[in-house]
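Undergrad: The structure that follows is given in the form of C-alpha cells.
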Amino acid sequence: MKANFSASLSAVVLLICFASCVNERKPQDKKNEFITALMNKMSVEEKIAQLNLVTPSAGTGPFKTKRVMEKLKEGSAGNILSVMGSVERIHKTASLADSTRLKIPFFMALDIIHGYKTIFPIPLGLSCSWDTVLIEKTARIAAIEGTAMGYNQTYSPMVDITRDPRWGRVMEGAGEDPYLGSLVARAVVKGYQGDDLTDETSMMACVKHFGLYGASEAGRDYNTTDMSRLTMFQSYLPPYKAAIDAGAGSIMSSFNDIDGIPATANKWLLTDLLRDKWGFTGFVVSDYNCVQELIAHGIAGDYKDAVKKAIDAGLDMDMASEGYSTFLKELLDEGEIKIEEIDQACRRVLEGKYDLGLFEDPYKNYDPEKPAKVTLTDENKEVAKLAVCKSIVLLKNDNNTLPLSKNAKIALIGPSVNDQFEMFSMWSQTGDKQSVITIFDGIQKLNEKVVCADGTFFTDDPDYLKNYGRYEDAEQLQMEKDAIQIAQKSDVIVAVLGESIAMSGEAKSMTDISLPGCQVDLLKKLKATGKPVVLVLLNGRPLTLGDNLQYADAVLEAWRPGTMAGAGLADVLFGNYNPSGKLTMTFPRSLGQIPIYYNHKNTGRPYTEGEKSAFKSRYLDEKNDPLFPFGYGLSYTTFDYSAISLSDTLIAGENNNLVVSVEVSNVGEYAGEETVQLYLNDPVASVVRPVKELKKYHKVFLEPGETQRINFKISPDDLKFYNSNLQWDWESGKFIVYVGTDSEEVKTASFVWKK
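Adding 76 to a residue's 1-based position in the sequence shown gives its number in the numbering used here.
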C-alpha cells in the first residue's frame with residue numbers, strides 16, 4: 077500500500093511538472109504555430125519581401141529607394157526606414173500593409189539615437205553621467221515619443237567601444253570601457269523595449285554596429301578593423317553581448333571587415349558567434365547598402381554573388397540595397413541557395429514582428445492626438461535638463477572661477493550661443509528646434525546682465541564656410557572686434573567654442589581634432605582682456621586642447637546637449653547644480669598619442685614619468701599620460717578618500733567574496749555627487765593583462781562635512797578574463813585594487829586569491 081501510494085504520488089508530481097512545462101512552453105509554441113501557419117500561406121516572393129528594407133530618404137545613406145510606396149503597396153518590400161513627417165503621413169505609410177495579400181505589418185524604423193522630439197545629450201555625453209537609471213529613462217522617453225508617431229524600431233543603441241576620437245561616430249557610443257559600456261547598453265535596450273515589448277510605448281532596439289566598428293583603422297568611417305580574437309572578446313565584444321542578454325530584438329551588421337571578411341558576409345560573426353555561442357534569436361539587418369558594398373570590399377564578383385554570401389552568412393534583412401529582392405529568387409532557382417535559408421531569415425523577421433505585437437495591433441493603438449500629449453512634456457524636459465547637468469564634465473577650475481555670481485556682468489561669446497539648431501547633433505533630425513533653450517536664453521533667465529556676440533566662425537576652412545554662405549575675412553575680424561568690446565565691459569567671459577553640428581557624427585572623421593585656428597585666436601584675445609575666461613566646449617568627441625587650456629581659467633565639457641541645453645548649462649555655471657560628470661573617453665594631449673585609453677596593456681619596458689632611461693616605451697616629444705584620463709571630472713567641492721580597507725588579504729575558493737571599503741568625505745563648501753571608481757589589475761597572468769580595468773563604481777551624494785563608507789563586494793567573477801584559449805576564467809595569484817576619483821588618482825591595496 078505504501079509503495080502504491082508513493083507511486084501514485086510520484087505520478088501526480090510528474091503530471092504537475094509536465095503540465096507546468098507545457099504551460100511554460102505555450103507562449104513560444106503559440107508563436108511558432110502562428111509563424112508556421114503564416115509562412116505556409118506565403119509565396120517565395122512574399123517571404124523575400126520580408127527581408128527587403130526600403131527607404132524614401134537619403135539622409136543616412138548614399139541614395140534612396142526608388143518607387144518606395146509602390147513597393148510597399150504591391151508587397152515587394154516588407155519594411156521601411158526613415159519615413160518622416162506628420163503622424164498621419166507615417167500612419168498612412170504603415171497602412172500600405174493592408175493593401176498586400178497577407179497584410180503583414182511593416183517594421184517602421186528610424187534612427188532615434190538620443191531622443192525623438194525631446195533631444196537629450198549625445199550618448200557619449202550621457203555616458204559621462206555614469207547614471208544608468210537616468211540613461212534608461214532617456215531611452216524610455218524616446219520610445220514613448222517615437223511610438224506615438226508610429227515607429228516600432230530604432231537603430232540604437234550604438235555600443236561600439238571607441239578609443240580613437242578622430243572617428244566622428246564616437247558621439248553615438250559610451251566611450252572606451254567594456255564594463256561601463258555594457259551597463260549602458262543594457263540600460264538603453266531596457267529603456268527602448270520596456271518590460272513588455274508588445275506595449276504600445278515599446279519599440280524594438282537594434283544594436284549596432286556588429287561588430288568592432290569602433291576600432292575603424294585610423295578613425296576613418298567605413299574602414300577596416302584588425303585585431304586579435306583575444307582583444308575582441310576581452311575589450312570590444314562585451315557590450316554587444318550585454319545588449320543581447322538584455323533582450324535586444326535585432327542586431328545591425330557593420331560596414332567593416334573582421335579577419336578579412338566584411339561583417340555582413342561573416343558567418344563566424346553572424347552565425348557561429350552571435351547565434352550558436354551567444355544564443356541570439358532575433359534578426360540581423362545590414363547597415364545601409366552593406367550587401368552591395370561587398371563588391372567594393374573585394375569579396376564578391378558581382379551583386380548576385382554578394383547576396384549569396386550575405387544570406388549564407390546569416391544576414392536576415394537587407395537595408396536599402398535591394399539585393400535580396402533582386403537576386404534571392406534567382407539564386408534559389410539556380411540551386412545556389414536553399415529555400416531553408418530564405419525561410420529561416422523570414423521566420424526571424426516575422427518573429428520580431430510577433431514579439432512586438434504587430435499581428436495583434438499593427439499600429440500600436442494609433443491615435444493622431446497622442447504625439448501632442450506625450451512629446452516635449454514638462455516631465456520630459458525636466459529629465460532632459462537633468463541629463464544636461466549630469467553629462468557636463470568640469471575639466472578645469474582655477475581659483476574657483478566657477479560657479480559664477482548671478483550678479484556678475486557676463487560676456488557670452490561664441491558662434492552657437494544663440495543658435496537653437498547648434499544644440500543638436502546630426503542625429504537630431506526629428507527634434508523640435510523651436511523648443512530648444514539656447515545658452516543665451518538659459519543664462520539670461522538666471523542673470524539679466526548678460527550680453528552675447530558670435531566672436532568667430534566655427535572654422536577658418538573656406539570650403540566649410542562657403543556652405544554657410546559666409547567666408548569673408550573682414551567679417552571674421554569684425555566679429556572678433558565686437559566680442560572684445562563686450563568682453564572688456566564684463567566681469568567674466570563665457571566663451572562657447574568647439575565643433576559645429578556638422579563636424580561630428582557619421583562620415584565626420586577628422587585628422588585634426590584641435591580647436592580651429594580662428595577659435596584659438598579669439599580665445600587668446602579674450603584672455604588678454606584680463607577678465608576671467610570660462611571655456612564651454614560643445615563637441616561630439618574628445619578634443620586635443622593642448623596649450624590652449626592656458627587661455628581659460630575654467631573649462632566645462634558640455635558635449636552636444638540637446639533641447640534643454642541652455643537651462644542645464646546655466647544651472648551648472650551658476651552653481652544650482654554641482655557638476656559630477658566623469659569622462660568615458662580619454663582626452664589626448666596631442667594627436668600623435670591616438671589611440672590612447674586607460675586600460676592599455678603593459679609592455680616589457682614600461683615608462684614612469686620622470687625616468688631618465690632612453691630605452692623605455694615613451695615619446696621623445698610628448699608625455700605618455702593623457703591630458704584628461706578616463707573617469708576624470710572635477711567638482712565645485714572637494715572629496716577626500718581614506719586608505720583602502722580590505723576584509724581580508726588572503727582569500728581562497730570560488731565561493732568567497734572580498735569587501736573593499738573606502739571612506740569618502742566632502743571637505744569642501746558645496747554639496748555634491750562623487751562617482752567612486754574601483755579598478756583591478758592582475759599583475760601576473762597567463763596572458764598580458766591591462767594595467768587597470770574598471771570593475772565597479774558607486775555614486776554617492778555628500779553634504780559639506782559628510783563622510784560615507786563605500787563598500788564594494790569582489791567575487792571571482794570580477795577576476796575573470798579571456799585566456800589564450802578564449803576561455804573565460806580566473807587564475808590564482810596577487811591582485812592590485814585601486815579606488816579613487818578617476819583612473820589615475822587612486823588609492824591602492826593588494827590581496828591574494830587562490831583557487
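Backbone N, C-alpha and C fix where the C-beta goes; we use that ideal spot for every residue, glycine too.
These numbers come from a predicted model, not from an experiment.
1. Taking the alpha carbon of G593 as the point to measure from, which residue in S580, T535, N675, L541 has its own alpha carbon closest?
2. Using alpha carbons as the reference points, say which of A563, G744, G531 lies closest to Q552.
3. State the beta-bridge partners of C282 as determined by DSSP.
4. Out of curiosity, what's the CA-to-CA distance linking G295 and A634?
5. Might you give, ordered along the chain, the residues of its own chain that have their beta carbon closer than 7 Å to the beta carbon of G428, omitting 5 neighbours on each side?
6. Taking 7 Å as the threshold (C-beta atoms), are K600 and Y627 in contact?
7. Could you tell me the boundaries of the alpha helix (DSSP H) in which A643 lies?
8. Please specify which runs of the alpha helix (DSSP H), each continuous and at least 4 residues long, are wholly inside the region 566-605, giving them in chain order.
9. Quick check on DSSP: helix, strand or coil for V361?
10. Assuming E248 and M234 form a contact by the criterion Cβ under 8 Å, report the distance between their Cβ atoms to the nearest whole angstrom.
11. Nearest to I569 by alpha carbon, out of L602, D558, I166?
12. Assess contact between the region 734-752 and the region 221-232, defined as three or more Cβ pairs (one per stretch) separated by less than 8 Å. Is contact present?
13. Run through DSSP, which three-state label would L471 get?
14. Mind checking who H774 pairs with in its DSSP beta bridge?
15. Rounded to whole angstroms, how far is the Cβ of P199 from the Cβ of A250, which I believe are closer than 8 Å?
16. Beta strand (DSSP E) containing F788: first to last residue?
17. Quick check: the Cα distance between D818 and T751, rounded to an integer number of angstroms?
18. In this structure, how does DSSP classify V763 when only helix, strand and coil are distinguished?
19. Sorted by chain position, which residues of the same chain lie with C-beta nearer than 8 Å to M502's C-beta, five sequence neighbours on each side aside?
20. Return the chain-ordered list of same chain residues with a C-beta closer than 7 Å to the C-beta of A341, the five sequence neighbours on each side being excluded.
21. Short of 7 Å in beta carbon distance, which residues of its chain neighbour G781, apart from the five on each side in sequence? Order them along the chain.
22. Locate the alpha helix (DSSP H) running through T223, then write down its first and last residues.
23. Is Q505 helix, strand or coil when you go by DSSP?
24. Counting pairs of Cβ atoms below 8 Å between the region 733-741 and the region 685-703, do you hit three or more?
25. Give the single residue among A463, Y227, T194 whose Cα lies nearest to the Cα of S504.
26. Compute the Euclidean distance between the alpha carbons of A643 and L426, then round it to the nearest angstrom.
27. Compute the beta-carbon to beta-carbon distance between L478 and F516, rounded to the nearest angstrom, for a pair I have assumed lies under 8 Å.
28. Within 10 angstroms of its Cβ, does I720 collect 16 or more other Cβ (buried), or is it exposed?
29. Identify every residue that forms a DSSP beta bridge with E633.
30. List the endpoints of the continuous alpha helix (DSSP H) containing D409.
31. Inspect the CB distances between the region 127-136 and the region 388-408 and report whether three or more fall short of 8 Å.
TA: This is what the structure gives:
1. T535
2. G531
3. S326
4. 22 Å
5. M280, G325, S326, G358, F359
6. yes
7. 641-649
8. 593-603
9. strand
10. 4 Å
11. L602
12. no
13. strand
14. V752
15. 6 Å
16. 783-790
17. 8 Å
18. coil
19. I577, A578, S580, G581, E582, K584
20. L370, I375, K385, A386, A389
21. N742
22. 208-225
23. coil
24. no
25. T194
26. 44 Å
27. That pair is no contact at about 18 Å.
28. buried
29. V469, L613
30. 399-409
31. yes
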